[in-house]
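So for the sequence shown, our numbering puts the first residue at 2; every next one is plus one. Below: the structure, in structure tokens.
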Amino acid sequence: MSTIFSKIAKGEIPSYKIAENEDFFAFLDINPMAKGHTLVIPKKEVDYIFDLDDEVLAKLNIFAKKIAIAQKEALQCLRIGSMVIGLEVPHAHIHLIPINKESDMSLSNPRLKLSEEEFIEIANAIKAKL
Ligand code: AMP
2 MSTIFSKIAK GEIPSYKIAE NEDFFAFLDI NPMAKGHTLV IPKKEVDYIF
52 DLDDEVLAKL NIFAKKIAIA QKEALQCLRI GSMVIGLEVP HAHIHLIPIN
102 KESDMSLSNP RLKLSEEEFI EIANAIKAKL
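Here's what the structure looks like:
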């Protein structure tokens, strides 16, 4: 059985895609902690990020770096915070979250409710900076 994130990467479930290559895929988190909150995943289905092969983990981070640079330009925030949780979806992923202060990374913050138009606008803004 494939994970929800595998289905997203294959286009079987819709997402607000930011970028992909042969091995990795990036898309907007549907319950964002901040505008532009993005998830990057390996297409290879591995649950726990630290079970990834060294080379895949390294390349995942290099892919994440490109996305983070584009996010920072598009959203004009101070930093892109990077976080791994993985308790909800059993498919390795890195959260990339635009932040201006430490508390923007707090998991107890309420998630944003964005319209489809807002998601599309944010995704387009990030893609334009890639
Ligand atoms: P975690 O596994 O704890 O790192 O959290 C999984 C993240 O995936 C949460 O921030 C969810 O909002 C996000 N998420 C779950 N399903 C989807 C989906 N279909 N599209 C985009 N993001 C999702």
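Ideal Cβ placement from N, Cα and C applies to all residues, glycine included.
Indicate the three-state DSSP secondary structure (helix, strand or coil) for Glu21 in the structure shown.
-> strand
Between Ile5 and the ligand MN, is the CB less than 7 Å from at least one heavy atom?
-> Within the structure as shown, the ligand MN is missing, the only ligands being the ligand AMP.
Cβ atoms of Leu29 and Ile123: under 8 Å apart, would you say?
-> Yes, they are a contact pair.
Around the ligand AMP, Cβ to any heavy atom closer than 5 Å, ordered along the chain = A residue is listed when its beta-carbon falls short of 5 Å from at least one non-hydrogen atom of the ligand AMP; in chain order these are Asp30, Ile31, Asn32, Ile86, Gly87, Leu88, Glu89 and Val90.
Enumerate in chain order the residues of its own chain whose CB-to-CB distance from Asn101 is below 6 Å, with the five nearest sequence positions on each side excluded.
-> Cys78 and Leu79
Can you name, in chain order, every residue of its own chain whose Cβ lies under 7 Å from the Cβ of Lys8, other than the five neighbours on each side?
-> Ile14
Under the three-state DSSP convention, the category Met84 falls into | strand
What are the start and end residues of the beta strand (DSSP E) that includes Ile50?
-> Unbroken run through Ile50: none, as it is neither H nor E.
Helix, strand or coil at Leu113 [DSSP, three-state] = coil
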